[in-house]
Structures are given as C-alpha cells and as structure tokens.
Amino acid sequence: MKMAFRWFGENNDSVTLDQIRQIPQTSNIVWSLHDKVAGDTWSEAEITKEANFIKAQGFEIDVVESVNIHEDIKLGKVSRDKYIEIYQDTIRKLSKVGVKVICYNFMPVFDWMRSDLAMPLKDGSTVLAYDADIVEARSFEQTLKDFSDGALGYTLPGWEPERLALLAETLKAYQSITEDQLWKNLEYFLKAIIPVAREYGIKMAIHPDDPPWSIFNLPRIVNRVEHLRKILSLVDDPHNGLTFCTGSLGSTSENDLPAMLTEFIDRTPFMHIRNVKREDRLFYETSHRTQDGSVNITKIIEVLHAHNYQGYVRPDHGRMLWNEAARPGYGLYDRALGIMYLWGLWDAFQQKSK
Ligand code: CS2
Ligand code: MN
276 MKMAFRWFGE
286 NNDSVTLDQI
296 RQIPQTSNIV
306 WSLHDKVAGD
316 TWSEAEITKE
326 ANFIKAQGFE
336 IDVVESVNIH
346 EDIKLGKVSR
356 DKYIEIYQDT
366 IRKLSKVGVK
376 VICYNFMPVF
386 DWMRSDLAMP
396 LKDGSTVLAY
406 DADIVEARSF
416 EQTLKDFSDG
426 ALGYTLPGWE
436 PERLALLAET
446 LKAYQSITED
456 QLWKNLEYFL
466 KAIIPVAREY
476 GIKMAIHPDD
486 PPWSIFNLPR
496 IVNRVEHLRK
506 ILSLVDDPHN
516 GLTFCTGSLG
526 STSENDLPAM
536 LTEFIDRTPF
546 MHIRNVKRED
556 RLFYETSHRT
566 QDGSVNITKI
576 IEVLHAHNYQ
586 GYVRPDHGRM
596 LWNEAARPGY
606 GLYDRALGIM
616 YLWGLWDAFQ
626 QKSK
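Counting the sequence shown from 1 gives a position; this note's numbering is that position plus 275.
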C-alpha cells in the first residue's frame, strides 16, 4: 500500500507539510484546489502551481480528492453536458501533472453529515458523531449553523458556503428525483467520463455515502454491496473504481466490509481507513484500533496484504487529541497514530508471510 495524508493547502490547514513528512513512510499528499466549487474550471496554471508546490516538499501528488460534481449532473439537467465537459477537461489537465486517481462522490446536496463535530469521549478526546434522533429532529438551518459554529472557522469539505447558499433551491429541485433517476444520472456521467479517464490513465474512485443511508429524504445510492457492484458494472472498466471508505460503509452493520473489500479489491484504487463505533441509532468515530470501534481494521489490512495491495491508503478522520485546534476530523495527531497502526498491522502480516 502507498500511504497518503489529506492536506487542504497552504493557509487552509492547521497541519503543515513539514509535520506530515515526519510521519513514517507517508509518501503521498491527497490534495485538491480547495477554493474551487463544483463546476468551476481548473486552469493548468493553478493545477501545476499546487502540484509543484507539494512535489517540491518531497511528496507525490497521485491522488486528488475531490473534484466535486455539479448538482446539475446529479439532477440530470440539460446543462449537465456543459459541466461534464468541464469535468473531462479537468481530468485531462490533472493527468498532465501525473495524477493517477480522482476521488469524488455522488451524494445529492450534502457530502458527509454529522450531528456533532466534537462529541467528548471518556478519555477527553472529541470526535465526529452522528445521532439519527438529533439529525432527524433538527432543522436545516440549525444543522448549518452547528456546522459552521463547530468548524473553528475552517470550511468543511462538502459544506462550502457557496454550495450552501443555494440550498433551498437545490433541495426543491431534488423533490422530483427518485433513486432510479439518480442511477440514470450516474450512469450518464460515468459513460461520459470513464472513456476520458481511460485515455488519460486516471482511475476514478467514487466515495460512498456518509452516512450510508438517505438523509432529509434525498436519494442516496452508493452505500451497499449491491450498489457498488452495480456502479462497477455500469461501465465495466478498471478506470471506473471505488474509494473504499471503511468508516462510511462501516456505519451500518448491514455491510460486511472484509467480504466487500475482497470482492472489489481489483477495482479499488483508493482506501479511506478509519473506525467507527456503532450504538443503536448513534455512531461515532474512534481511534483506528480494531478493539476501539465496530470495524475490524485488522481484517481490512489482512485483505489488503493478502492481495499485495498497490493502491493508495489514507487515514480518514481522526479524533481531536491533546487540545489540538484543527478542522474537525482532520487534526494531525490521531491521523498520524492511525498511520502507525495501519503500518504496524501491515508489517506484522508481512513478517508472518515470510
Ligand atoms: C471525506 C469526504 O471528510 C470526509 O468525510 O471522506 O468529504 C470525501 O472527501 C468526499 O465525499 C469525496 O468526494
Ligand atoms: Mn471517507
């Protein structure tokens, strides 16, 4: 596995590249142009500048997360063709600087959702948590306010103010979109994008819904084994792949993660690894350690090792430890601990197989 760390860019992250460099064997920065909103053109100059900046600090830049998809594509509007062309253009430009994988999602309106950005655990750390009772009882306005109040001034991925400004309008547009329609719109997108990705040697990696079920009555279709199977078969090409996010998929007991990973490993260029603890209608994020959560991280690494996984892995969210002030989920300390746990497991399987 190739280890990676998500970084939000100079002056947009509490974590520095100098710090990341000291985490053992972490060769790749997962990056993006974070000031872009879905549908924006990414210029060659902007891409090259960011990629070169990261490369000059000694990292590889193989994975971009995310290039976000304009709502008109998900809604199947006439204007989608224009946005698909822009997306194809971004794929071409990213390939020029050596990008190999693009992570994206197909969640209507929202990206990830939580009820609490800093739920305290017994040990004094704080974590992202999702309590279905709270989410279902709370208004949109309150949800938005809680997200911006809790984010310490950082923009949270998927919760950019530009996106939220159009919220009421976008939500209305989705009233007529069924799951079937969303599937058709995803198929249309994949059929237009994957040939370009193939031509330019980029693997597209769709991220699952987080949480892995419908919220606010919006359709969501990327969260169960049969969905992932269907997505891969819509365009049966290795460039049409998955971001296998153990935290998102593992937030429901309905998903058998080691079995799913074994089935999809050849189509999984990118892994997000984190643990979550499930409790009735609540889940919260924990350390990466298998015993601390409901996801068997040991088995996940065992599957990766058994297949001599050559793709990219990043610790996903971490807890907030030792009074760190960072973008919720994206502090330095717990993600660094997570990486050491993942390497520890990998190295142990490596020794055993010798
Ligand atoms: C990420 C997602 O922070 C997170 O939860 O895993 O925001 C992810 O970057 C997007 O869904 C990918 O498009
Ligand atoms: Mn993830």
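All C-beta atoms in this analysis are idealised placements derived from N, C-alpha and C, irrespective of residue type, glycine included.
Here Asp484 is buried: its Cβ has 16 or more other Cβ atoms, across all protein chains shown, within 10 Å. At a cut-off of 7 Å, the beta-carbon of Trp488 does not count as near ligand 1: no heavy atom of the ligand is closer than that. Annotated three-state conformation of Arg589 is strand, per DSSP.
Nearest to Ile575 by C-alpha distance, out of Lys375, Asp288, Glu444, Asn550, is Asn550. Beyond the five residues adjoining it in sequence on each side, Ser302 comes within less than 8 Å, by CB distance, of Lys277, Met278, Ala279, Phe334, Glu335 in the same chain, given in chain order. The C-alpha of Pro486 is placed about 28 Å away from the C-alpha of Ile295. Relative to the non-hydrogen atoms of ligand 1, the Cβ of His309 never comes closer than 7 Å to any of them. Beta-bridge pairing by DSSP links Ile359 to no other residue.
Within the same chain, Cβ atoms closer than 7 Å to the Cβ of Thr453 are found at Pro494, the five residues on either side in sequence being excluded. Between the C-alpha atoms of Gly606 and Val570 there is a straight-line separation of about 21 Å. For Val312, no alpha helix (DSSP H) encloses it, and the DSSP letter there is neither H nor E. For His482, the CB falls within less than 7 Å of some heavy atom of ligand 1.
For Trp387 and Asp310, the gap between their C-alpha atoms comes out near 18 Å. For His592, the distance from the CB to the nearest heavy atom of ligand 1 is below 7 Å. By the Cβ criterion, the stretch 576 to 583 is in contact with the stretch 530 to 542, since at least three pairs of Cβ atoms, one from each stretch, lie closer than 8 Å. The closest heavy atom of ligand 2 lies 7 Å or more from the beta carbon of Ser569. In this structure, DSSP gives Val305 an extended state, which the three-state scheme calls strand. Excluding sequence positions up to five before and after Val500, its CB lies within less than 7 Å of the CB of Asn530, Met535, all in the same chain and listed in chain order. Comparing C-alpha distances from Phe283 to each of Val305, Pro299, Gln450, Ile481 shows the shortest one belongs to Val305. The DSSP-derived three-state label of Ala480 is strand. Here His582 carries a coil assignment [DSSP, helix/strand/coil]. For Asn460, the enclosing alpha helix (DSSP H) starts and ends at 454 to 474. Contact between Ile366 and Tyr463 fails: their C-beta atoms lie close to 16 Å from each other, not under 8 Å.
DSSP places Ala611 inside the alpha helix (DSSP H), whose first and last residues are 608 to 627. Gly593 is the residue among Gly593, Ser628, Glu346 whose C-alpha sits nearest the C-alpha of Leu392. Between Ile348 and Asn515, the C-beta spacing is not below 8 Å. For Lys375, the number of other beta carbons within 10 angstroms of its own is at least 16, and it is reported as buried. For the options Ala448, Asp622, Phe558, the alpha carbon positioned closest to that of Pro299 is the one of Asp622. Under the 10 Å beta carbon count, Lys371 is surrounded by fewer than 16 other beta carbons and is classified as exposed. If you draw a straight line from the Cα of Asn583 to the Cα of Lys420, it is about 45 Å long. Under the DSSP definition of a beta bridge, Asp391 partners with Ala404.
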